[in-house]
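Colleague: Supplied in structure tokens, the structure appears directly below.
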Ligand SMILES: C[S@@+](CC[C@H](N)C(=O)[O-])C[C@H]1O[C@@H](n2cnc3c(N)ncnc32)[C@H](O)[C@@H]1O
């Protein structure tokens, strides 16, 4: 991937991926974005079964899921519509990173044992993606799509109220589709029987160790925050105030005061033994 392609590629794919341009370097920091726990991959592999030749991570972001898949699958492809995110991916001999969109996957039909989507399904044209996923999967190959709840600050009710209140202000009174899908555990995004015959759901409790500063940067890397900033360029950045309020609530002058974040993960697992 040519590093100069960046923003042009995102725009060319014309998707919601444009909201991930600005913060790609921060996004790659495992202490800022959630790094999925081993139990999640174990659950996906148990569902997918023993075939471990080929896998694809769609909307791979900065490549954390692809790096995990590469430990099990001989060949991994990882695509994202946003070239800025892809520039942060670490090259590995058995991973091919490329720009591409979920709705039109540049791989042959019936070629993959597993397709994964981590924290991105809610941005897609979902029926078009399911059609493509089904096309590129081998008969019986698995699709796993997961996401996590917006983090809740544990053990500090007041700080959590401040943080959840901030989220309300970012999304405004208008609850976006993205937010309603993630809050309802992807209700309404499940495949229809004609798209995938076997559909399971699961949830994995997860707690992320963080700090006030890392939590504020987490917000900075979010698509909703970027969207809000671009729609209101005249308004000042609200994040310094959020950080100050959280520090005051926790009675600390240290922005690296530790926090525990509850970010439980929910997933949709699907497959179909029949060829299309
Ligand atoms: C919240 S990030 C998740 C990144 C990564 N999967 C992870 O879990 O760290 C969402 C990603 O979806 C990508 N994206 C959004 N719409 C897309 C589409 N239609 N096709 C491909 N990528 C898309 C964005 O560019 C962004 O990298």
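Residue numbers (this note's numbering): 194 to 469. For glycine and all other residues, C-beta sits at the position ideal for the given N, C-alpha and C.
Spatial neighbours of residue 307 within its chain, please: C-beta separation below 6 Å, excluding the five flanking residues on both sides.
Modeller: Cβ neighbours of residue 307 beyond the five flanking positions: 241, 248, 335.
Colleague: Mapping the DSSP letters down to three states, classify residue 410 as helix, strand or coil.
Modeller: Helix.
Colleague: State the Cα-Cα distance for the pair residue 384 and residue 313, rounded to the nearest angstrom.
Modeller: Distance between the alpha carbons of residue 384 and residue 313 is about 15 Å.
Colleague: Can you tell which of 235, 272, 446 has its C-alpha closest to the C-alpha of residue 253?
Modeller: Of 235, 272, 446, the residue nearest in Cα terms is 272.
Colleague: Whole angstroms are fine: how far does the CA of residue 226 sit from the CA of residue 411?
Modeller: When rounded, the distance between both Cα atoms is 6 Å.
Colleague: Does the region 271-286 come within contact of the region 350-359, defined as at least 3 CB pairs closer than 8 Å?
Modeller: No contact exists between the region 271-286 and the region 350-359.
Colleague: Got a sec: does ligand 1 put a non-hydrogen atom nearer than 7 Å to the Cβ of residue 273?
Modeller: Yes, Cβ of residue 273 sits closer than 7 Å to a heavy atom of ligand 1.
Colleague: Using a Cβ distance threshold of 8 Å, determine whether the region 331-347 contacts the region 231-246, with at least three qualifying pairs required.
Modeller: The region 331-347 vs the region 231-246: in contact.
Colleague: What are the complete beta strand (DSSP E) segments, minimum 3 residues, inside the region 329-353?
Modeller: Within the region 329-353, the complete beta strand (DSSP E) runs of at least 3 residues are 330-341.
Colleague: Is the beta carbon of residue 317 within less than 7 Å of some heavy atom of ligand 1?
Modeller: Yes; taking the cut-off as 7 Å, the Cβ of residue 317 has a heavy atom of ligand 1 nearer than that.
Colleague: The beta strand (DSSP E) spanning residue 447 covers which residue range?
Modeller: Element bounds for residue 447: n/a, residue is neither H nor E.
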